[in-house]
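So the structure is just underneath, and the comments pick up after that.
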Amino acid sequence: MALSDAAVQKQIKHMMAFIDQEASEKAEEIDAKAEEEFNIEKGRLVQTQRLKIMEYYEKKEKQIEQQKKIQMSNLMNQARLKVLKARDDMIKDLLNDARERLATIAKDPNQYQTLLEGLVLQGFYQLLESRVIIRCRKEDVAMVQTAVQKNIPIYKEAVKSNIEVRIDENTFLSPDISGGVEVYNADGRIKASNTLESRLDLLAQQMMPDIRVSLFGANPNRKFTD
Amino acid sequence: MASQSQGIQQLLQAEKRAAEKVAEARKRKNRRLKQAKEEAQAEIEQYRLQREKEFKTKEAAALGSHGNSAVEVDKETVDKMGRIQGSYQQNKEAVLGNLLKMVCDIKPEIHANYRVAG
Chain A
1 MALSDAAVQK QIKHMMAFID QEASEKAEEI DAKAEEEFNI EKGRLVQTQR LKIMEYYEKK
61 EKQIEQQKKI QMSNLMNQAR LKVLKARDDM IKDLLNDARE RLATIAKDPN QYQTLLEGLV
121 LQGFYQLLES RVIIRCRKED VAMVQTAVQK NIPIYKEAVK SNIEVRIDEN TFLSPDISGG
181 VEVYNADGRI KASNTLESRL DLLAQQMMPD IRVSLFGANP NRKFTD
Chain B
1001 MASQSQGIQQ LLQAEKRAAE KVAEARKRKN RRLKQAKEEA QAEIEQYRLQ REKEFKTKEA
1061 AALGSHGNSA VEVDKETVDK MGRIQGSYQQ NKEAVLGNLL KMVCDIKPEI HANYRVAG
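Going line by line, the protein sequences match chains A and B. Here the working numbering is used: position 152 in the first sequence is 152, and no number is missing along the way. So the number in the working numbering is just where the residue sits in the second sequence, counting from 1, plus 1000.
What follows is the structure, given as structure tokens:
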């Protein structure tokens, strides 16, 4: 043998120590890596889930805000509609009152006669026909006859044309209306409605903006009034 | 020869112990990684509870404020209705009179486009 037993033993001890050292280093390396991976993994998991949770709750909070806005919007809408409906109702109320008061106009014979004269002439001008038929309430025939007689010369002078007028004594306007006349051309296809009711309806329709301003004041949101 | 055999045995044992040491470290590593999941889960759950609590608070506040909003809007509406009603009562008679006056105010005119023949 090249080495003595003692030398061999020493060599073996050395080798064993080396093996142990290697193992310890390896183990330490693994432990360190484990700790590192632990932190990385934990951090990754926490971050991932945390983001999910944040997203979830942010979404829910947005939903609540949205819901709140929608509810508020609905409330405002309902309130606004309530106000608008109230105004509309008041205007309807006003127009109904106006219709009721129309009935008083015909009760004053002088006023009504003047009115009928105007209505008849207006009807003539609107049609500009050489032959016209007038319809009126049965009770108004005499007054309308007077109005017609008075207006034929006026019409002729203004239009430079003849006019032949017939009061329809077979068909009358309803006794329920407040007064006025309807004027037709010869074949009855064209009508100029000059009843008090139709005049009121036209006026109300055309003047609705003015009525609103008169009743409720100018609209602060409106910038142009032409 | 006996001493040689003994030496070899010693070396083999050392190798074995070394392998065990490394294997043990690997097991610790796996346990540690598993722990990472568990600890992460616990931390997350705590965070979730916290957010849930905050959320409930906000939700309650929002619902409460809705009630307040409704009351406020109602009050505002009543005020507005009152003003409108007052304005209507004040101006109704004048507007009504004006309308009826215009129904009776007739100014017969020939249409602007009419031309007298000859």
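Positions of the beta carbon are idealized from the N, C-alpha and C atoms, including for glycine.
Which stretch, first to last residue, makes up the beta strand (DSSP E) that contains residue i?
i	result
serine 1113 (chain B)	For clarity, residue 1113 (chain B) is asparagine in the given sequence; the question names serine instead. Premise fails: asparagine 1113 (chain B) is in no beta strand (DSSP E) and is neither H nor E.
Within 9 Å (strictly less), CB to CB, does residue i reach chain A?
i	result
serine 1069 (chain B)	yes
serine 1065 (chain B)	yes
serine 1005 (chain B)	no
alanine 1112 (chain B)	no
Does residue i come within less than 9 Å of chain B when only Cβ atoms are used?
i	result
arginine 137 (chain A)	no
lysine 191 (chain A)	no
methionine 208 (chain A)	no
lysine 42 (chain A)	yes
leucine 121 (chain A)	yes
arginine 131 (chain A)	no
valine 148 (chain A)	no
lysine 33 (chain A)	yes
glutamine 49 (chain A)	yes
leucine 200 (chain A)	yes
valine 159 (chain A)	yes
phenylalanine 172 (chain A)	no
alanine 86 (chain A)	yes
lysine 92 (chain A)	no
glutamate 22 (chain A)	yes
lysine 223 (chain A)	no
aspartate 140 (chain A)	no
glutamine 113 (chain A)	no
glycine 118 (chain A)	yes
aspartate 97 (chain A)	yes
glutamine 71 (chain A)	yes
tyrosine 57 (chain A)	yes
alanine 204 (chain A)	yes
Along the chain, where does the alpha helix (DSSP H) containing residue i start, and where does it finish?
i	result
leucine 173 (chain A)	No alpha helix (DSSP H) holds leucine 173 (chain A); DSSP gives it neither H nor E.
lysine 1107 (chain B)	Counting along the chain, lysine 1107 (chain B) falls outside any alpha helix (DSSP H), and DSSP gives it neither H nor E.
phenylalanine 18 (chain A)	5-105
Quick one: list the residues of chain A neighbouring residue i, beta-carbon separation under 8 Å, in chain order.
i	result
lysine 1056 (chain B)	What lysine 1056 (chain B) touches in chain A: nothing, since even the nearest Cβ is about 11 Å away.
lysine 1053 (chain B)	Those do not exist, as lysine 1053 (chain B) stays about 11 Å from chain A at its closest Cβ, beyond 8 Å.
leucine 1033 (chain B)	Ala34, Glu37, Phe38 and Glu41
lysine 1075 (chain B)	Neighbours of lysine 1075 (chain B) on chain A: none; closest Cβ ~10 Å, over 8 Å.
Output, in chain order, the set of chain B residues within a Cβ distance shorter than 8 Å of residue i.
i	result
glycine 217 (chain A)	Ser1087
arginine 101 (chain A)	Leu1096 and Leu1100
glutamate 61 (chain A)	Phe1055 and Lys1058
Along chain B, in chain order, which residues have C-beta atoms closer than 7 Å to that of residue i?
i	result
methionine 143 (chain A)	Those within 7 Å of methionine 143 (chain A) in chain B number zero; the least Cβ separation is about 15 Å.
serine 4 (chain A)	Result: empty, since nearest Cβ-Cβ is about 10 Å, beyond 7 Å.
isoleucine 282 (chain A)	The structure shown has nothing for residue 282 (chain A), since chain A only spans 1 to 226.
Output, in chain order, the set of chain A residues within a Cβ distance shorter than 9 Å of residue i.
i	result
lysine 1037 (chain B)	Glu41, Lys42 and Leu45
glutamine 1046 (chain B)	Those within 9 Å of glutamine 1046 (chain B) in chain A number zero; the least Cβ separation is about 10 Å.
leucine 1049 (chain B)	Ordered by position in chain A, no residue passes the 9 Å Cβ test against leucine 1049 (chain B), which lies about 10 Å from the chain.
lysine 1021 (chain B)	Asp20, Ala23, Ser24, Lys26 and Ala27
leucine 1011 (chain B)	Ile12, Met15, Met16 and Ile19
Could you list which residues in chain B have their beta carbon closer than 9 Å to that of residue i, in chain order?
i	result
tyrosine 255 (chain A)	Residue 255 (chain A) cannot be examined here, being either before or after the span of chain A that is shown, 1 to 226.
leucine 128 (chain A)	Ile1110, His1111 and Tyr1114
alanine 79 (chain A)	Val1073, Asp1074, Glu1076, Thr1077 and Lys1080
For a contact defined as C-beta to C-beta under 7 Å, what are the partners of residue i on chain A?
i	result
alanine 1062 (chain B)	Ile64 and Lys68
lysine 1080 (chain B)	Val83
Mind checking whether the beta-carbon of residue i lies closer than 8 Å to any heavy atom of the ligand NAD?
i	result
glutamate 1043 (chain B)	Among the ligands in the structure shown, none appear at all, so the ligand NAD cannot be discussed.
Next on the checklist: My parser needs the beta strand (DSSP E) runs of 3 or more residues fully inside the region 121-167 of chain A; what are they?
Outcome noted: For the beta strand (DSSP E) assignment, the uninterrupted runs of no fewer than 3 residues enclosed by the region 121-167 of chain A are, from N- to C-terminal side, 131-136 and 164-167.
Checklist entry - Counting only runs that start and end within the region 181-217 of chain A, where is the beta strand (DSSP E) found for 3 or more residues in a row? => result Fully enclosed beta strand (DSSP E) runs of 3 or longer: 191-195.
Item to check | Those runs of the alpha helix (DSSP H) which lie wholly inside the region 1021-1103 of chain B and span at least 4 residues | outcome: Unbroken alpha helix (DSSP H) runs of no fewer than 4 residues, entirely contained in the region 1021-1103 of chain B, are not found.
Checklist entry - Can at least three beta-carbon pairs, one atom from the region 176-185 of chain A and one from the region 1060-1068 of chain B, be found at a separation below 8 Å? => result No, the region 176-185 of chain A does not touch the region 1060-1068 of chain B.
Checklist entry - Are three or more beta carbon pairs between the region 101-108 of chain A and the region 1087-1100 of chain B nearer than 8 Å? => result By the Cβ criterion, the region 101-108 of chain A is in contact with the region 1087-1100 of chain B, since at least three pairs of Cβ atoms, one from each stretch, lie closer than 8 Å.
Item to check | the region 200-207 of chain A touching the region 123-133 of chain A, judged by at least three CB pairs closer than 8 Å | outcome: Three or more Cβ pairs closer than 8 Å define a contact, and the region 200-207 of chain A falls short of that threshold against the region 123-133 of chain A.
Checklist entry - Are the region 1017-1027 of chain B and the region 14-28 of chain A touching by the rule of at least three beta carbon pairs closer than 8 Å? => result Yes: the two stretches touch, three or more of their Cβ pairs being nearer than 8 Å.
Checklist entry - Is it a yes or a no for the region 82-94 of chain A touching the region 142-156 of chain A, going by three-plus beta-carbon pairs under 8 Å? => result Here the region 82-94 of chain A makes no contact with the region 142-156 of chain A; the two share fewer than three CB pairs at distances below 8 Å.
Item to check | Given 8 Å, three or more beta-carbon pairs between the region 110-130 of chain A and the region 155-167 of chain A | outcome: Contact between the region 110-130 of chain A and the region 155-167 of chain A is present: three or more C-beta pairs spanning the two stretches fall below 8 Å.
Item to check | Stretch-stretch touch, CB-based, cutoff 8 Å, three pairs: the region 109-122 of chain A with the region 213-221 of chain A | outcome: Fewer than three Cβ pairs drawn from the region 109-122 of chain A and the region 213-221 of chain A lie within less than 8 Å of each other, which leaves the two stretches out of contact.
Checklist entry - Quick check: the region 32-47 of chain A against the region 1031-1039 of chain B, are there 3 or more CB pairs under 8 Å? => result Yes, the region 32-47 of chain A is in contact with the region 1031-1039 of chain B.
Checklist entry - Taking three-plus beta-carbon pairs below 8 Å as touching, is the region 63-83 of chain A in contact with the region 138-145 of chain A? => result Three or more Cβ pairs closer than 8 Å define a contact, and the region 63-83 of chain A falls short of that threshold against the region 138-145 of chain A.
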